[in-house]
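Shown next, in structure tokens, is the structure this report addresses.
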Amino acid sequence: MSGSWQRYTDGKLFLAQWHHDRASDCVGGLGRRAHEEAADALLAQAWRGLLNELLERSGQKARVDTLEDLEAFYDPVPPEVVVLRQEGIKPEGWVSLLLARLKRIQAPESAGQGAEEPDLLASDRLTPQAEREKIFTGFQGYLSALRATWQEF
Numbered sequence: 001m002s003g004s005w006q007r008y009t010d011g012k013l014f015l016a017q018w019h020h021d022r023a024s025d026c027v028g029g030l031g032r033r034a035h036e037e038a039a040d041a042l043l044a045q046a047w048r049g050l051l052n053e054l055l056e057r058s059g060q061k062a063r064v065d066t067l068e069d070l071e072a073f074y075d076p077v078p079p080e081v082v083v084l085r086q087e088g089i090k091p092e093g094w095v096s097l098l099l100a101r102l103k104r105i106q107a108p109e110s111a112g113q114g115a116e117e118p119d120l121l122a123s124d125r126l127t128p129q130a131e132r133e134k135i136f137t138g139f140q141g142y143l144s145a146l147r148a149t150w151q152e153f
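The sequence shown begins at 1 in my numbering and counts up by one.
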């Protein structure tokens, strides 16, 4: 394995975290928004990188864009992919938050404010900052555990 997707995933996640941190440092305005948008775009790329990294690890030469695409390559689905699916089912799981965020940023702005809001009660909603923090923490934790497992073999 060349590990090209691993390097891609790591690079995109690093840059997404960097932009997220810069957005936190901005007082507001266009600078903050630009860093937030860059962080979201890079998170989307890191997610696709992770999916393709998992596929590459199994010896496949194809490319995938979604978790469903990845799952279609397996029978049975391996545990490391099952974990992602479980995190995608939990309303506050990092995968669920990430996929909801990606869906919101890909939705056309003309769809209105309601299209950008998750289906949560106002009291349960995370701030965009807290949501992104949870995504980063979960994503990085998953990668660390996954790669530690791979190094055992």
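Ideal Cβ positions, reconstructed from N, Cα and C, are used throughout, including at glycine.
- Contact between the stretch 91-101 and the stretch 31-39 is absent: fewer than 3 CB-CB pairs across the two stretches fall below 8 Å.
- Contact between the stretch 48-61 and the stretch 5-22 is present: three or more C-beta pairs spanning the two stretches fall below 8 Å.
- Secondary structure at Glu-92: coil, using DSSP grouped into helix, strand and coil.
- Of Leu-13, Gly-138, Phe-14 and His-20, the smallest CA-CA separation from Pro-128 is found for His-20.
- DSSP places Arg-125 outside both helix and strand once states are collapsed to three, so it counts as coil.
- Here Cys-26 has Arg-32 as same chain residues with Cβ atoms under 6 Å from its own Cβ, once five neighbours each way along the sequence are excluded.
- Ranked by Cα distance from Lys-61, the options Val-81, Arg-22 and Ser-4 are led by Ser-4.
- By the beta-carbon neighbour count (other beta carbons within 10 angstroms, threshold 16), Asp-40 is buried.
- For the options Pro-79, Glu-80, Ala-130 and Val-64, the alpha carbon positioned closest to that of Ala-44 is the one of Val-64.
- The beta carbon of Phe-73 lies closer than 8 Å to those of Leu-55, Ser-58, Gln-60, Ala-62 and Val-64 in the same chain, with the five residues before and after it left out.
- DSSP places Ala-72 in no alpha helix (DSSP H); its state is neither H nor E.
- The beta-carbon separation of Val-83 and Glu-71, rounded to 12 Å, does not stay under the 8 Å limit for a contact.
- With fewer than 16 other Cβ atoms from the protein chains shown falling within 10 Å of its own Cβ, Leu-30 counts as exposed.
- With a beta-carbon spacing of about 7 Å, Arg-101 and Glu-131 fall inside the 8 Å limit used to define contacts.
- With respect to Phe-139, Leu-98 sits close: the two C-beta atoms are nearer than 9 Å.
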